[in-house]
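Chains as they are written, first to last, in this note's numbering: chain A, 13 to 212; chain B, 13 to 212. From the three backbone atoms N, C-alpha and C, an ideal C-beta is built for every residue, glycine too. These numbers were taken from a predicted model, which means no experiment stands behind them. A quick write-up on the structure given underneath.
There are 2 protein chains.
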Amino acid sequence: MTPFTPPGETREKVYRFVRRRILEELPPTVREVQEAFRFRAVQTAREHLERLVAEGRLVKTHGKSRGYRLPQEPGTLFVPLLGRVQAGGLRAAIEECEGYLPVQSRGSEELFGLRVQGESMTGAGILPGDIVIVRQQGESASGDIVVALVGDEATIKRLRLRGNGIELHPENPAFTPILPRGDECTILGKVVEVRRYLEG
Amino acid sequence: MTPFTPPGETREKVYRFVRRRILEELPPTVREVQEAFRFRAVQTAREHLERLVAEGRLVKTHGKSRGYRLPQEPGTLFVPLLGRVQAGGLRAAIEECEGYLPVQSRGSEELFGLRVQGESMTGAGILPGDIVIVRQQGESASGDIVVALVGDEATIKRLRLRGNGIELHPENPAFTPILPRGDECTILGKVVEVRRYLEG
DNA sequence: GTGTATGCCAGACTTTTGTCTGGTATACAA
DNA sequence: TTGTATACCAGACAAAAGTCTGGCATACAC
Numbered sequence: 013m014t015p016f017t018p019p020g021e022t023r024e025k026v027y028r029f030v031r032r033r034i035l036e037e038l039p040p041t042v043r044e045v046q047e048a049f050r051f052r053a054v055q056t057a058r059e060h061l062e063r064l065v066a067e068g069r070l071v072k073t074h075g076k077s078r079g080y081r082l083p084q085e086p087g088t089l090f091v092p093l094l095g096r097v098q099a100g101g102l103r104a105a106i107e108e109c110e111g112y113l114p115v116q117s118r119g120s121e122e123l124f125g126l127r128v129q130g131e132s133m134t135g136a137g138i139l140p141g142d143i144v145i146v147r148q149q150g151e152s153a154s155g156d157i158v159v160a161l162v163g164d165e166a167t168i169k170r171l172r173l174r175g176n177g178i179e180l181h182p183e184n185p186a187f188t189p190i191l192p193r194g195d196e197c198t199i200l201g202k203v204v205e206v207r208r209y210l211e212g
Numbered sequence: 013m014t015p016f017t018p019p020g021e022t023r024e025k026v027y028r029f030v031r032r033r034i035l036e037e038l039p040p041t042v043r044e045v046q047e048a049f050r051f052r053a054v055q056t057a058r059e060h061l062e063r064l065v066a067e068g069r070l071v072k073t074h075g076k077s078r079g080y081r082l083p084q085e086p087g088t089l090f091v092p093l094l095g096r097v098q099a100g101g102l103r104a105a106i107e108e109c110e111g112y113l114p115v116q117s118r119g120s121e122e123l124f125g126l127r128v129q130g131e132s133m134t135g136a137g138i139l140p141g142d143i144v145i146v147r148q149q150g151e152s153a154s155g156d157i158v159v160a161l162v163g164d165e166a167t168i169k170r171l172r173l174r175g176n177g178i179e180l181h182p183e184n185p186a187f188t189p190i191l192p193r194g195d196e197c198t199i200l201g202k203v204v205e206v207r208r209y210l211e212g
């Protein structure tokens, strides 16, 4: 009755099907897998899926619909792209963002994108119009490129720690370093990625 | 009994919640929306959702679980990241890629990522170690930054059309332009995006 | 043979989830 | 006043989707 299928062959196809569905639209339901492969029993689809979970090729949330996911999801997160950030208004700027950017990430990070204004970092290959991806973190290390709120506008500079104080260094000889006093500067986060879209 | 909520305010929050969920993990179920906003009736969540559909801000598949989607999904594509490309081997290089990158795209394009080697384009803010996203297209316009196969290695240069011939210009005074004869140079495609990962 | 594993099926149960009917309270305009 | 709209709630029903028990057939090792 049962036509013989080499071990693992169907499962491989099931894996590719599920993977494709997860990446391109929505994780399939068990019955959607069943129908895609014309299994006559739901259980057959379920067995393949549970097997893939046992093998570590998929992970799932028990009992929830469309609960199958990829183990280390390419970790694509959509982060808000901000036009400009003004004093104190990071939260507000995120609410009113221009759009969203896909970013690879481990998921639990708080990221945002920011459009670059000015030429103070051209020496580091960061040009006006570029987009920087910023991870929100209060403290950063000396040498990191950071986004800081100085006065009432956000700027991008290289951070230098000097004793108890901090310095914000441009990377362009035409600009001079900023030496803020403690209370007039907030570090919004560290630049983890730079992007430049050459069209559109 | 009912605390008064300004018209549309809750709906706005519901929209943002749903959008975030769709982009970052999985579309929520109606009851997940209900719980997120602590509505005491499922119907309240459903009314907001159906309203958003009526307004065209969401679309849905009737009867299916987690059926709410965004109208014009950002279209995220995963493109292969190549380490290096050698003569004739673009197809082969794509097969043996180092990994995949999420890229926003209209879908029908043939894209690949390429790691930058050398300093010939530092003047355009393209540094060694950066990744360029390339759209495969035989012909490009003068002024485009392109990836060309000259000899047996791929290089990134700015394209200049001069009469019938082409010139490949570096963007760094320490390098000299390449003036290839027609048959010793293939344009693999145009650089549409530049990325730099500052950690990991 | 026996035992074990895989691949598949039949049918049912249970939970989750989508859907629906009818209701209350507030605000606003005719 | 009446009517209409929004925002919300209560409780239910029905479909979708996850889960489970038991079974059969083939293959392979002991």
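Nearest-angstrom Cα separation, counted from residue j out to residue i
i	j	result
E36 of chain A	L89 of chain B	8 angstroms
L180 of chain A	V162 of chain A	10 angstroms
T167 of chain B	V158 of chain B	8 angstroms
G141 of chain A	R63 of chain B	37 angstroms
P83 of chain A	E67 of chain A	11 angstroms
I138 of chain A	Q46 of chain A	50 angstroms
G150 of chain B	N176 of chain B	15 angstroms
E110 of chain B	L94 of chain B	6 angstroms
F187 of chain A	V30 of chain B	44 angstroms
L74 of chain B	Y80 of chain B	Residue identity differs from the one stated: residue 74 of chain B is His in this sequence, not Leu. Taking the straight line joining both Cα atoms gives about 9 angstroms.
R28 of chain B	Y112 of chain A	12 angstroms
E24 of chain B	R69 of chain B	10 angstroms
D164 of chain B	L191 of chain A	50 angstroms
L173 of chain A	S132 of chain A	19 angstroms
L171 of chain A	T198 of chain A	12 angstroms
N184 of chain B	A136 of chain B	8 angstroms
S77 of chain A	Q116 of chain B	28 angstroms
E122 of chain A	A153 of chain A	18 angstroms
D195 of chain B	A160 of chain B	12 angstroms
T1 of chain A	G155 of chain A	In the structure as shown, chain A begins at 13 and stops at 212. Residue 1 of chain A is therefore absent and cannot be evaluated.
I34 of chain B	P40 of chain B	7 angstroms
E59 of chain B	L200 of chain A	38 angstroms
R193 of chain B	P182 of chain B	17 angstroms
Closer than 7 angstroms to chain B by CB, residue i
i	result
R78 of chain A	yes
Y209 of chain A	yes
G163 of chain A	no
G137 of chain A	yes
Y27 of chain A	no
F187 of chain A	no
P15 of chain A	Reliability fails at P15 of chain A, whose pLDDT of 44 lies under 50, so the model's placement of it is uncertain and no value is given.
P114 of chain A	yes
L89 of chain A	yes
E110 of chain A	no
Helix, strand or coil at residue i [DSSP, three-state]
i	result
Q55 of chain A	helix
L61 of chain B	helix
T198 of chain A	strand
E205 of chain A	strand
L82 of chain B	coil
L35 of chain B	helix
T22 of chain A	helix
F29 of chain A	helix
Proximity test, Cβ basis, 7 angstroms: residue i and chain A
i	result
L35 of chain B	yes
V146 of chain B	no
V30 of chain B	no
E205 of chain B	yes
Nearest-angstrom Cβ-Cβ length linking residue i and residue j, presumed shorter than 8 angstroms
i	j	result
V71 of chain A	V144 of chain A	Actually they are not in contact, since the Cβ atoms of V71 of chain A and V144 of chain A sit about 32 angstroms apart, beyond 8 angstroms.
K202 of chain A	R147 of chain A	5 angstroms
L204 of chain A	E211 of chain B	In the sequence on display, residue 204 of chain A carries Val and not Leu. At roughly 6 angstroms, the Cβ-Cβ gap stays under 8 angstroms, so V204 of chain A and E211 of chain B are in contact.
V54 of chain B	V42 of chain B	6 angstroms
G130 of chain A	V91 of chain A	Not quite, the Cβ-Cβ distance comes to about 22 angstroms (not below 8 angstroms), so this is no contact.
Whole beta strand (DSSP E) runs in the segment 107-184 of chain B with 3 or more residues, listed along the chain? Qualifying beta strand (DSSP E) stretches, in chain order: 111-116, 123-127, 143-148, 157-162, 165-174 and 177-181.
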